[in-house]
Amino acid sequence: MTRWATMPCYCVQWPRVVSVLERFLTDPEATGPFQWLGWSDPGRWRRRWAQDGLLSDEGGQLMVATGADRLGFVAWRKVVTSRSSYCWNIGAQLLSEARGRGVGTQAQRLLTRYLFAHTPVVRLEADTEMGNIAEQRALEKSGFTREGVLRSCVFRDGQWRDVVRPSLLRDDIASARSPASDRPSAKGERTA
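The opening residue of the sequence shown carries number 5 in our numbering; numbering runs sequentially from there.
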């Protein structure tokens, strides 16, 4: 069952793709150099799927796919910013064969549109390791603005690491969008 889809690169979710998510918990090669945090419970995705379909009021995960190719996932989690407000922290994780092709940029761009269209938040943020230049670039191409560096924020591979924190505001999308950017092109694809 597709819960959300937008072409040409789209995010989908259904039970048989949970095995792709499990690779990120059991295969250090699948995660890439910045995401392997050690062995983790591979059954957690199936339990979460049974519990809430990987979608809840606290966040969610959607599979990134192009055609029949399952390439990774995008995720978001709630960050409470005050007693009466919150924002989403988003991220993406792609299989090695999907990296370097613009898939992460497109998937995160689609996720930001989805979250702004279907939730009342005014702010999205992301955290990425200082050395993960490809992800920083993907977020920048998705409209995010670098805000600063959080020192010693993530523990990976025996040491604490700094992360870059970019954000995207709802107003950033509105001011950057031209009237023609959401119209289909002659081939039926979105121009933005």
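Quick reminder that beta carbons are idealized off the backbone N, C-alpha and C, glycines included.
Considering only their Cβ atoms, is the gap separating residue j from residue i smaller than 8 Å?
i	j	result
L75	L59	no
A130	F159	no
G64	A79	yes
By the DSSP assignment, the beta strand (DSSP E) with residue i in it spans what residues?
i	result
T70	63-70
A96	89-98
R103	No beta strand (DSSP E) contains R103, which DSSP labels as neither H nor E.
D45	Per DSSP, D45 belongs to no beta strand (DSSP E) and is neither H nor E.
F148	Segment: none, F148 is in no beta strand (DSSP E) and carries neither H nor E.
In the structure shown, what three-state DSSP assignment does residue i receive?
i	result
F120	helix
V125	coil
D166	strand
D73	strand
Exposed or buried, residue i, counting other C-beta atoms within 10 Å across all chains shown (16 or more means buried)?
i	result
V153	exposed
E151	exposed
V126	exposed
G106	exposed
W49	buried
S146	buried
V168	buried
In terms of residue numbering, what span does the alpha helix (DSSP H) encompassing residue i cover?
i	result
G52	The amino acid at residue 52 is misidentified as Gly; the sequence shows Arg. R52 -> alpha helix (DSSP H) spans 48-56.
R141	137-145
Can you give the Cα-Cα distance for residue i and residue j, rounded to whole angstroms?
i	j	result
S179	E144	16 Å
Q112	C91	16 Å
F120	P170	16 Å
G162	E133	14 Å
A138	T70	20 Å
K82	E33	28 Å
A96	S89	24 Å
V16	V68	In this prediction, V16 has a pLDDT of 46, which is less than 50 and means its spatial position is unreliable; what the coordinates show is noted afterwards. Rounded to the nearest angstrom, the two C-alpha atoms are 6 Å apart.
L115	D61	16 Å
A142	E101	16 Å
C157	H122	30 Å
P174	T109	Just to set this straight, residue 174 is Arg in the shown sequence, not Pro. Cα to Cα, R174 sits roughly 18 Å from T109.
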